[in-house]
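The sequence shown begins at 1 in our numbering and counts up by one.
The block underneath contains the structure these notes are about, expressed in structure tokens.
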Amino acid sequence: MPRIHITRRTAAGLLAGALLIPVLAACSGNDGKGATSSASAAGSASGVPKANLTVLAAASLTDVFKAAGAEYEKTHPGTKVTFSFAGSQELAAQVKQGAPADVLVTADTKTMDGLKGDTNDPKVIARNRLVIATGKGNPYKIDNLKDLADTKVKVVLAAPEVPAGRYSKQILDAQKIDVKPVSQEPNVRAVLSKVELGEADAGLVYKTDAATAKDKVVAVDIPDDQNAVASYPAASLKGSKNPAAADVFVTWLSGPEGQKYLQDAGFQKP
């Protein structure tokens, strides 16, 4: 075997290299593919760029979206979700006026369809139905739509330009029931509030809204053949400053995690 002559300078170089290898290995992580911080690891795991998202959502989504949004932030580190709840027609006006937002979710397809120039392709994420909400104990013994025509019963409805108001008019007209509401409210949550506070004896609200006030109102079901189905489309906005994160949030709403929250709250499958 030939003799290898190692000088002191060569030995020093070999020693330095040997000492450097563990350091590089530690920096590269277990898979040796490069340095990765915990934050970037979390980001790549979620696949979502960090962003502050503003979501305009129909009032009837208030409770479920607050809970779903908190979960979304936990599972998507670096993303903050802020909601603005109102009647769908009011949200549409905000979009048309250029309000800074990333995602829109309405309680009907008609409102969303009117914003085709401002939204990307919408996805229906849930459906809902109306019920009659009455005061605690149902003192007027209301058990069907016809009972709402009784002039002794103070009925409150959502305004006709609001999805819930349109659905209410649709089902009452179909049954040829003439109801004279004591007031018409800007969104369905305002209708529910009037009944909760005793300012109205009954009102038409979504089933999921009545479920949020079980201790204050009684929900009277409306037969399917007399009811209307409300569809909830969600879409990212073309004016969003966070388009990638907005698209991911819309996809999440229609995926298993988002659907669990919606269906647990009483919303029907899309």
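Backbone N, C-alpha and C fix where the C-beta goes; we use that ideal spot for every residue, glycine too.
Length at least 4, wholly inside the region 138–194: the alpha helix (DSSP H) runs in chain order: 163–174
Using 9 angstroms as the threshold, is the C-beta distance between Gln184 and Ala159 below it? yes
Is Ile125 near the ligand NAD, judged by its Cβ being under 8 angstroms from some heavy atom? Absent from the structure shown: the ligand NAD. Ligands present: none.
What are the boundary residues of the alpha helix (DSSP H) that Asp221 is part of? It is not in any alpha helix (DSSP H) - Asp221 instead sits in the beta strand (DSSP E) that spans 217–221.
Separation of Ser236 from Val55, as counted between CA atoms: 9 angstroms
Where Glu71 and Leu148 are concerned, what is the direct C-alpha to C-alpha distance, given to the nearest angstrom? 40 angstroms
Alpha helix (DSSP H) segment containing Leu253, residue limits: 243–254
Determine contact between the region 218–227 and the region 93–103, defined as no fewer than three beta-carbon pairs at a distance below 8 angstroms. no
Tell me which residues share the same chain as Leu262 and place their Cβ nearer than 8 angstroms to its Cβ, disregarding the 5 neighbours each side in the sequence. Val64, Ala68, Ile125, Ala126, Leu253
Which word fits Leu197, buried or exposed, when buried means at least 16 other C-beta atoms lie within 10 angstroms of its C-beta? exposed
Is it buried or exposed for Gly87, if we count other Cβ within 10 angstroms and need 16 for buried? buried
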